[in-house]
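As they're listed, the protein sequences go chains C and R.
According to this note's numbering, the first sequence holds residues 1202 to 1580 in order.
According to this note's numbering, the second sequence holds residues 300 to 633 in order.
Glycine included, every Cβ here is placed at the ideal spot set by N, Cα and C.
Following: one structure in structure tokens, then a few remarks.
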Amino acid sequence: MSVGGLTGQLTATPGRFQPAQPVEVPTVQLLGEDGTLVQDPDFVPALTAAQAARMLRDMVLIRRFDTESTALQRKGQLSLWAPLLGQEAIQVGVHAALGRFDHVFPSHREHGLAMLMGLPIERLLGIFTGQESGDWDAEQVRFHHLNMVIGGHTLHGVGYAMGQARDRQADPQADDGVSLIIHGDGAISEGDVNEAYIFAAAYQAPAVFLCVNNQWAISEPVERQSPVPLYQRAWGFGIPSVRVDGNDVLAVHAATTWALERARAGQGPSFIEAYTYRMGAHTTSDDPTKYRDKDETIQWQSRDPLTRAETWLRAEGVWDDGRQARLDQEAEAFGEQVREAVHKVHDPKLEDIFDRVYARPTADLVAQRAQIVSEAAAR
Amino acid sequence: MQSPAETNQTTKTLTLAKALNAGLRAALSADDKVLLYGEDIGSLGGVFRVTEKLQAQFGPDRVLDSPLAEAGLIGTAIGMAQRGYRPVVELQFDGFVFPGFDQITQQLAKMRFRSHGRVQLPVVVRFPYGGGIGSIENHSESVEAYFAHTPGLTVVTPSNPNDGYWMIQQAIASPDPVIFLEPKRRYHEKGVVQLDAPALGLHEASVARAGTDVTLICWGPMVRTCLDAAAAAEKEGRSVEVVDVRSLQPLDFETIARSVEHTSRAIVVHEAQRNYGPGAELAARLQEQLFYVMESPVLRVTGYDTPYPPSKLEADWLPNLDRVLAAVDQSMGY
């Protein structure tokens, strides 16, 4: 049947019914793959030589932390580790951009950032030895607890940011901290993460989403998460976004600075996609050779964030063999510290788990604890 | 004509919905860190009008209308509580708690434990629960067992306006997360509210009616049903005691046990499905602790082990006067 010439059928799919087509993906890059500076119309690196050298040092120590921890797992001293090899520039770039009151809501792979923020490494190792579940003062360290439910923490970060904004509204002298929320490419498929974008946009929360797109959610490729580049997903939520080269410490630093300043200025949330590659396994219990092409991994080796930064610093004349040798020594000593730290974590006591469930333990918990204690005494 | 209670300035007769509204108003007035947060709670006043006029009084910064996203509501409330606020989240119906289930059971409930007590989350998640209002699917769920089974959560339910007024304020003042179940079929029942001080703490059970033959153990919407059953049983010469549990987690087992020691017979009455429900927990504890005291096995009068039925069947699906009285007869027959 045809009414007024309308057949109810489309002869072809006209453009107005098409989803928005992905536009060209401009990636912010300030440090080229060969280690030379790249000009960008929007982002100009503003760093002193000392700050730049510090970034290289931080990346080297983080890599050491990671390789030592991976080795500790292989020796059976950690039950699991989530390697961050290849992602050092993101953690260092973010850290260098953070203000002194900003809070980080991390995913489970930001060990290096945690360390740079002052979290004792044994606190992190304790989680992976099964001795604790996050016994640090997140409010003081400003690095919140790891969350193994993918994306669950993104909402906490948004709520916290909403609280930061309210505090400043009530008292202009309150600290100017904002929240940086880190999640991976796989998390972008989770409902909670999408709700976090919605709440952040609805309330213009001073929150920065940093999506570490390392291309693989365990064995699921990023193509299975989104048909459009991830940073473009943010557009649908009304959140300004940018993609940066995640292996470029300068680009990550510049984009994070931009986003944090927007949040601080009351301009609401931003989204950064840090485009990188997970060189290792998702965790030490999976085997990437089963699900991805070896050539792909080899290709990414040439984009190593440490090599790029070192080449650049040498060209700038702020780095040389002598400084490199001293850094190698420092990394060696630090490696020893990591191996020691795993022994500093104390075994928890069964009776201690009962008094932290509620502010005031219930009668049931008091009775169960007493039973444990009396059984131990009788032994 | 006013009742004697109403001539006293420290009491007021209110419906449960109005009493909850008054309790929320008192909490908002007492502490400016308290925020109400939910879908349609502002100018509409919530689907049951429990938050009516609160946004007008306290402003849209204290009483926030939110996007339609339950995980989002609870998850962001966790973040705000970490920052020192006391969010009170309203979910519209019991059946809509499930999209927020992970945020409640894995996040809200565990944060104190995971952080060794460093993180305190004074979040209240309140929602209308239970059946009996002729509603459609997903609007009549009795979900208390899911949450009472989760360590770290406090699960409470008022059965009358006085408890509604006080328990919501006590829940908001609690340093721990509270699942606050509001028996929707009792929203419009009136009762006297004592305005000067609460009679009981948040976690105390109450003896709603004294008796000597058998104890009915119940909470929320079933308390009225059990009180009616006790009144009917009295006409047949039976003295039935009714214990209103009020707090399912933590459980004030002492008050319950004292009653059952006294009557030596117990029947648990709840709306939720029977298998693995709170009645099983109560029956097990009574058996463990009062085995030699009891004259008859603990009985359960509950919903059936089906999904909640179409509302035309709910009068028979839910425990009603007849089923409770039949259980009293059965208990006394041993």
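- Under the 8 Å criterion on CB atoms, residue 1400 of chain C is classed as interfacial with respect to chain R.
- Around the beta carbon of residue 1389 of chain C, 16 or more other beta carbons sit within 10 angstroms, so the residue counts as buried.
- What residue 402 of chain R touches in chain C, judged by beta-carbon distance under 8 Å, is 1353, 1356, 1393, going in chain order.
- Shown in chain order are the members of the region 377 to 406 of chain R whose Cβ falls below 9 Å from a Cβ of chain C: 377, 378, 379, 380, 381, 382, 383, 384, 386, 398, 401, 402, 405, 406.
- Positions of the beta strand (DSSP E) runs, each at least 3 residues long and wholly inside the region 588 to 624 of chain R, are given as 598 to 602 in order along the chain.
- Measuring C-alpha to C-alpha distances from residue 437 of chain R to each of R/559, R/393, R/548 identifies R/393 as the nearest.
- Beta-bridge analysis with DSSP links residue 474 of chain R to no other residue.
- Below the 8 Å Cβ cutoff, chain C contributes 1356, 1392, 1393, 1396 as neighbours of residue 370 of chain R, in chain order.
- Below the 7 Å Cβ cutoff, chain C contributes 1356, 1359, 1360, 1363, 1400 as neighbours of residue 375 of chain R, in chain order.
- For residue 508 of chain R, the enclosing beta strand (DSSP E) has its first and last residue at 505 to 508.
- Its chain contains 1393, 1396, 1397, 1400 as the residues whose beta carbon lies nearer than 8 Å to that of residue 1356 of chain C, once the 5 sequence neighbours on both sides are disregarded; these appear in chain order.
- By the 16-neighbour rule on beta-carbons within 10 angstroms, residue 386 of chain R is buried.
- The distance from the Cβ of residue 1345 of chain C to that of residue 1318 of chain C is about 10 Å, inconsistent with a contact at the 8 Å cut-off.
- For the 8 Å CB-CB criterion, residue 1412 of chain C and residue 1464 of chain C do not form a contact.
- Of all residues in the region 411 to 431 of chain R, only 411, 412, 413, 414, 415, 416, 417, 418, 419 place a beta-carbon less than 8 Å from a beta-carbon of chain C.
- Residue 422 of chain R and residue 453 of chain R do not touch by the CB rule: their CB atoms are close to 11 Å apart, not below 8 Å.
- A residue is called buried once 16 or more other Cβ atoms fall within 10 Å of its Cβ, and residue 1322 of chain C is buried on that count.
- Here the alpha carbon of residue 410 of chain R sits roughly 8 Å from the alpha carbon of residue 420 of chain R.
- With three or more CB-CB distances shorter than 8 Å, the region 1301 to 1310 of chain C counts as touching the region 1372 to 1385 of chain C.
- The beta carbon of residue 434 of chain R sits closer than 7 Å to the beta carbons of 610 from its chain, once the five residues preceding and following it are set aside; these are given in chain order.
- For residue 1510 of chain C, same chain residues with a beta-carbon under 6 Å away, outside a window of 5 residues either side, are 1257, 1450 in chain order.
- In the three-state reduction of the DSSP assignment, residue 346 of chain R falls in the coil class, being assigned neither a helical nor a strand state.
- Within the region 473 to 484 of chain R, the residues whose Cβ lies closer than 7 Å to any Cβ of chain C are, in chain order, 474, 475.
- Identification of residues in the region 1421 to 1438 of chain C having a C-beta nearer than 7 Å to some C-beta of chain R yields an empty set.
- Taking 4 residues as the shortest admissible run, the region 1251 to 1302 of chain C contains the following complete alpha helix (DSSP H) segments, listed from N- to C-terminal end: 1289 to 1298.
- The beta-carbon of residue 450 of chain R is placed less than 8 Å from the nearest beta-carbon of chain C.
- If you compare the alpha carbons of C/1282, C/1435, C/1277 with that of residue 1268 of chain C, the shortest gap goes to C/1282.
- In the DSSP assignment, residue 1414 of chain C is bridged to C/1476.
- Boundaries for residue 440 of chain R: no beta strand (DSSP E) harbours it, and the DSSP string shows neither H nor E there.
- Contact check for residue 374 of chain R and residue 1360 of chain C: beta-carbon distance about 7 Å, within the 8 Å limit, so the pair qualifies.
- Between residue 475 of chain R and residue 1560 of chain C a beta carbon distance of about 5 Å is seen, short of the 8 Å cut, so the two are scored as contacting.
- Remark: C-beta atoms of residue 1247 of chain C and residue 1520 of chain C do not approach each other more closely than 8 Å.
- Annotation: Cβ neighbours of residue 1557 of chain C in chain R (cutoff 7 Å, chain order): 411, 412, 415, 416.
- When the five nearest sequence neighbours on each side are left out, the beta carbons in the same chain lying within less than 7 Å of the beta carbon of residue 325 of chain R are those of 468, in order along the chain.
- Each of C/1288, C/1580, C/1402 was checked against the Cα of residue 371 of chain R, and the nearest Cα belongs to C/1402.
- Residues of the region 1283 to 1314 of chain C with a Cβ closer than 7 Å to any Cβ of chain R: none.
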